[in-house]
Amino acid sequence: MKKFNIRKVLDGLKEVSSSTPSVQVGPQENHLIQETIQSDHFQLCKTVRHGFPYQPSSMAFDPVQKILAIGTQSGALRLFGRPGVECYCQHESGAAVIQLQFLVNEGALVSALADDSVHLWNLRQKRPAILHSLKFNRERITFCHLPFQSKWLYIGTERGNIHIVNVESFTLSGYVIMWNKAIELSSKAHPGPVVHISDNPMDEGKLIIGFESGIVVLWDLKSKKADYRYTYDEAIHSVAWHHEGKQFICSHSDGTLTIWNVRGQGKPIQTITPHGKQPKDGKKPEPCKPILKVEYKTTRNGEPFIILSGGLSYDTVGRRPCLTVMHGKSTAVLEMDYPIVDFLTLCETPYPNDFQEPYAVVVLLEKDLVVIDLAQNGYPIFENPYPLTIHESPVTCCEYFADCPVDLIPALYSVGSRQKRQGYSKKEWPISGGNWGQGTQSYPEIIITGHADGTVKFWDASAIMLQVLYKLKTAKVFDRNRSKEDKGSTEVSDEDPFAIQIMAWCPESRMLCVAGVSANVIIYRFSKLEVTTEVVQLLEVRMQYELNDIDTPDGGGEQTSALPTPGASPQTSGPPSHPSTSSNNSDGSNIPCLKVRSTPLKQSPGYQVDLVVQLVWVSGEPPQQITSLALNSSYGLVVFGNSNGLAVVDYIQKTVVLNLGTVELYGSNDPYQRQPRSPRKTRQPSGGLCDINEGSATSEDRCKSPTSDHRDNSFSRSRSSSVTSIDKEAREAISSFHFCDAFARKGDSTLTPCLYVGTTLGTVLALALTLPPAGEQRQLQPVLISPTGGKWDIRREGAMENRYSYSMLVRLKGSIMRMAFLDSTGSLQPPPYEPWYEPNVTADGEEREKVRKRRPVSVSPSTSQDLSESQYAVVCSEKQAKVVSLPSQTCIHKHSITEASFILRADVVQMSQGVCVACFCANGHIMTLSVPGLRPLMDVNYLPLTDMRIARTFCFTNLGQAMYLCSPTEIQRITYSQDICENLQEMLGELFTPVETPEAPNRGFFKGLFGGGAQSLDREELFGEIASGKANRSLAQHIPGPGGLEGMKGAASGVVGDLARARIALDERGQKLGELDERTAAMMASADVFSKHAHEMMLKCKDKKWYQF
């Protein structure tokens, strides 16, 4: 009887029912690798956001907690404490934050938005939440003011009215200050929107109201009328009090400041034009630009500070924005790099009726945050400890590395610390609130960002923090004085010729390779010693192609109409004897896009240039941009590719090993049936081993240099895939590379060094490498690249030429994104690498040879190819993933990831539970697949592709970490690991810490006796429902926040929270009190019954004698 196999039945049902199936191909018994990773190991959540808040719009500071809050035009809220304590929140509406107000030392924050909503945030939890919201329906909010230690928030509107909100319950008071009662009854004109509200520091019952038209009103809250009115011809932008409450200062639209006495309402006692030219004939100074904000801060032992932004003369064309500090007779004008959004003066006391004693000014610029030290001469700035310089030059690419070698971050920090600027304030950073998290995550993490100006920045990203380690300027390699005749000046490179396009980095060997938009590749070595390079080594590479009409088969990659074929066989020129960018071709058509500098280059400790590779113009055509890049330090090779083909460079011998057009990789096995359009000049037969023209350097001319490396399987960047999918690129470009020790040919029994090449049409080809022995022979003997496919003939100029092809490992739909290899146990097999050594020290020969030996790759040898495979290749394209067993080259698993969309980024990553494939799709989905089985483990609709910045910068790394640029200035880090999500709360810092509020200033004996001190006001009695009545319900709508009872517990403390705390206590005790009432009633009923029984017993025994009992 035939045995019934239930597994085959289930597999068949799965194939029929699933639209995107994970298919197993081949005999199952040979590939029973136990997969330990499961779907419950994955969970997606945001961890932390770094960088400068994009498009900031407002700012606030808690002087007791020492926390800074910044709001943005997109409704984001960023909170900063001590270095390493940051928090990001987002208003759901996405409306601009127009103003922020802290409830000082209460752990709460009020935000006012451009959609006329006001929100109360609870900062006493690690992830702040909204407790209450109030949405105004009929009036536009223009200004808010919350007095210190008050629970009543004043809200000014565009109509000129002022409403009052109880911040505990977020309900409107019936007390309203109407604009027509505030201004003169005889005035017929509307005073304009409210631009300022503040109470008199010495009398809480007196409120100063500034209207845009230039009218200022001192309003008596108790009598509900205006005490004084102050009128000026120019519009008002801001108002500030002297701490004694007898004077205030206004800033105006004509660049003037007016100082007023409270009791003198005729004219200002003083008018100042800080930047105006004073005419000699006594006339009015020429008008200046508006003074947008002014602050008036007093000191106990000196002159007051008047600090203002704006007010520059109109004739100062091109002058940078300025902050002006007036102190006594001195006026300091501090130029800023960007326009000023807002500024705040930090003072020693939170009480407005005491000497302020200012010590710093926080200046929020459009693209920077500057803190100025007011206590030191010259007003130096503080060194900013936050990672706010990500956007110093626009970010063009990113890479993320987790679980790096432990000595890497100290090494980068030691060389980077020498790059720091001097002249900062010697005081500690004044924004110092909050506490660090208590996370246990200890592995090193590094983020690398490439920028438009050619800089590369290394960041320490360990434990959800971010700190810059080291900055590399790649533009130093090139001559910046390019002539107008340079063809590459505008046509290819446009405004950013030095922009970084792709980066390849090996953490173990510390080798770095970067590719720029001007078709150049620079290879760097890491050294702790300074060196002067007399001649920058240059290698010029020539690549070109022709388009032919072809027929694309249906089974493979995307349908295209034309593909590249090799034109004049790609040629290269070796490093010239002196730095020059000219070619040794007689036609003189080789022109590089950038000119390598010809003068000696002093290289500081850190990354030092080892070799520059440039693609040159051919026959008047610019070189195509590089689409893929990889580096391996164990092999000493760098490979890069574009839409023409690929080139392999031996950076130890400074020579080109292989330079092939894309079609030449296929040979007779080309699935696209392409034929060269026209014959070309006969090439020297190379047997498929290497491809170097007559002018390349001989072995004697080649320069000797130390080694380098890269791990391409997880970290090399291929940007061509997204471009291919969106633009339907017609050419077949090289999209990815992978170096490894593998079974290069079908049926091989030994591992050999290999280079795997992936193309945009979904083909993966294998190139076998033959490397000289380590040591001196590696410096002299050439690297050979052997064909892994069959032999084929090509007719060139009437003669038959033998050519060799490279075997096709597998074909997938869409552009190849990532390749990786597993050993026989299913563990990730990293490419071999060379450990780092100091390249500028001449070591003993034997020691150097030991250092340069490659690390062996551990692979379980197979005794029988029929029973066990020794290696598995994991290949992911922008449409699907496949797993191929080696050396049989059998596809054992495949999975169609997406049909309607395409993958933007894919990485094979190591999790703590095993290995998986992580993918980010253009439709916003983040997915993970097991390997080698390709089982779907997670699929979350996270983030739709809104711009190419996300596609260009999104990257996964090991241990469940990922990142992308969510704005031009900010990095968003996310995790897809369940373990990290569970521990995230512990890792996050705390914003609120219990701090005692400073004591109020002493009124003094005589002020207390004669009533000269601050006058208090019972606002509850004045604004409460009993005195003022109920507010109009149609004016605003109350919306409960998602913070809930737990959030209210956090916010209910201090002076503002007294009533809220009592209410919460009542709510918590209500149930217990009810239970107590029930028990008391039961006891009383029981007592009544007992009393009745006792009375009956007494009557029964009343007349009995004692002996009758």
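Numbering of the sequence shown is given in numbering that gives the first Met the number 0, commencing with residue 0 and proceeding in unit increments.
Where a beta carbon is used, it is the ideal one built from N, C-alpha and C, also for glycine.
Separation of residue j from residue i, as counted between CA atoms
i	j	result
Ile447	Asp459	9 Å
Gln269	Ala225	23 Å
Leu1158	Ala462	Because the chain spans 0 through 1108 in this model, residue 1158 falls outside it and cannot be assessed.
Val930	Val914	6 Å
Pro192	Phe147	24 Å
Thr388	Glu382	12 Å
Thr654	Cys403	31 Å
Glu981	Thr974	11 Å
Glu302	Arg81	31 Å
His251	Asp341	16 Å
Gly377	Tyr337	20 Å
Lys45	Ala331	44 Å
Ala451	Leu364	21 Å
Asp1017	Ile207	18 Å
Ser149	Met926	50 Å
Thr759	Thr749	30 Å
Ala374	Ile69	25 Å
Met816	Ile371	48 Å
Glu989	Leu122	9 Å
Lys366	Ile1025	49 Å
Glu233	Gly436	51 Å
Arg1123	Val109	The structure shown does not extend to residue 1123, since the chain is modelled only from 0 to 1108, so the question has no answer here.
Ser1110	Arg228	This structure does not reach residue 1110, given that the chain is present from 0 up to 1108, and the question cannot be answered.
Glu507	Arg904	24 Å
Beta-carbon contacts of residue i that lie in its chain and below 6 Å, excluding the five residues immediately before and after
i	result
Glu294	Ala239, Ile306 and Thr344
Thr787	Ala743, Arg744, Ala765, Ala767, Tyr805 and Ser806
His49	Pro386, Leu465 and Ile970
Gly309	Lys288, Pro289, Ile290 and Leu291
Ser73	Gly93
Pro320	Met335, Pro338 and Ile339
Pro1110	With the chain represented from 0 up to 1108, any question about residue 1110 goes unanswered, as that position is not in the structure.
Element boundaries [alpha helix (DSSP H), containing residue i]
i	result
Ile777	Note on residue identity: the sequence assigns Arg, not Ile, to residue 777. Unbroken alpha helix (DSSP H) run through Arg777: Glu775 to Leu779.
Met947	Met947 to Thr952
Ile408	Leu407 to Gly415
Leu983	Gln977 to Met986
Thr661	Thr661 to Tyr665
Phe1022	Arg1018 to Phe1022
Enclosing beta strand (DSSP E) for residue i [first to last residue]
i	result
Val362	Pro357 to Leu364
Asp341	Ile339 to Cys346
Asp822	Ile815 to Asp822
Leu754	Thr751 to Thr758
Residues near residue i by beta carbon distance below 8 Å, same chain, minus five either side
i	result
Leu808	Tyr755, Val763, Leu764, Ala765, Ala872, Val874, Val883 and Gln888
Val405	Pro443
Pro190	Gly159, Trp178, Ala181, Ile182, Phe210, Glu211, Ser212 and Ile214
Gly422	Pro379
Other residues of its chain near residue i: CB distance less than 7 Å, five sequence neighbours each side excluded
i	result
Pro284	Thr272, Gly275, Lys276, Gln277 and Pro278
Tyr634	Phe738, Pro752, Leu768 and Leu770
Chain C within 8 Å of residue i, Cβ atoms only
i	result
Ala75	Protein chains in the displayed structure number just one, and chain C is not present.
Residue i CB to nearest heavy atom of the ligand GDP below 7 Å
i	result
Trp218	Within the structure as shown, the ligand GDP is missing, as the structure has no ligands at all.
**Asked** Taking one C-beta from the region 509–523 and one from the region 467–479 each time, how about it: are there three or more such pairs within less than 8 Å?
**Response** Between the region 509–523 and the region 467–479, the count of C-beta pairs closer than 8 Å reaches three or more; the two stretches touch.
**Item:** Segment contact, 8 Å Cβ cut-off, at least three pairs: the region 90–108 with the region 116–132
**Value:** Yes, the region 90–108 is in contact with the region 116–132.
**Request:** Could you say if the region 353–360 and the region 407–421 meet the contact criterion of at least three C-beta pairs nearer than 8 Å?
**Result:** Under the three-pair Cβ rule at 8 Å, the region 353–360 does not count as touching the region 407–421.
**Message:** Taking 8 Å as the cut-off, does the region 495–504 touch the region 605–613 (at least 3 CB pairs, one atom from each stretch)?
**Reply:** Taking 8 Å as the limit for Cβ pairs, the verdict is that the region 495–504 does not touch the region 605–613.
**Message:** Is it the case that the region 831–840 contacts the region 949–956, given that we only count it when at least three CB pairs across the two stretches are under 8 Å?
**Reply:** Not touching, per the Cβ criterion.
**Prompt:** What are the start and end residues of each continuous beta strand (DSSP E) run of 3 or more residues lying completely inside the region 158–206, in chain order?
**Reply:** Segments of the beta strand (DSSP E) lying fully in the region 158–206: 161–165, 170–176 and 193–199.
**Message:** For the region 635–650 against the region 616–625, do three or more pairs of beta-carbon atoms, one drawn from each stretch, fall closer than 8 Å, so that the two count as touching?
**Reply:** Touching, yes, given that three or more Cβ pairs across the two stretches are closer than 8 Å.
**Request:** Just list the alpha helix (DSSP H) runs in the region 902–968, keeping only unbroken ones of 4 residues or longer that don't cross its boundaries, in chain order.
**Result:** Along the length of the region 902–968, whole alpha helix (DSSP H) runs at least 4 residues long occupy 947–952, reported in chain order.
**Request:** Note down, one range per segment and in chain order, each beta strand (DSSP E) of at least 3 residues found wholly within the region 244–291.
**Result:** Counting whole runs of 3 or more residues, the region 244–291 contains the beta strand (DSSP E) stretches 246–251, 256–260 and 269–271.
**Request:** Taking only runs that begin and end inside the region 292–322, name each unbroken beta strand (DSSP E) of 3 or more residues, in chain order.
**Result:** The qualifying runs are 304–309.
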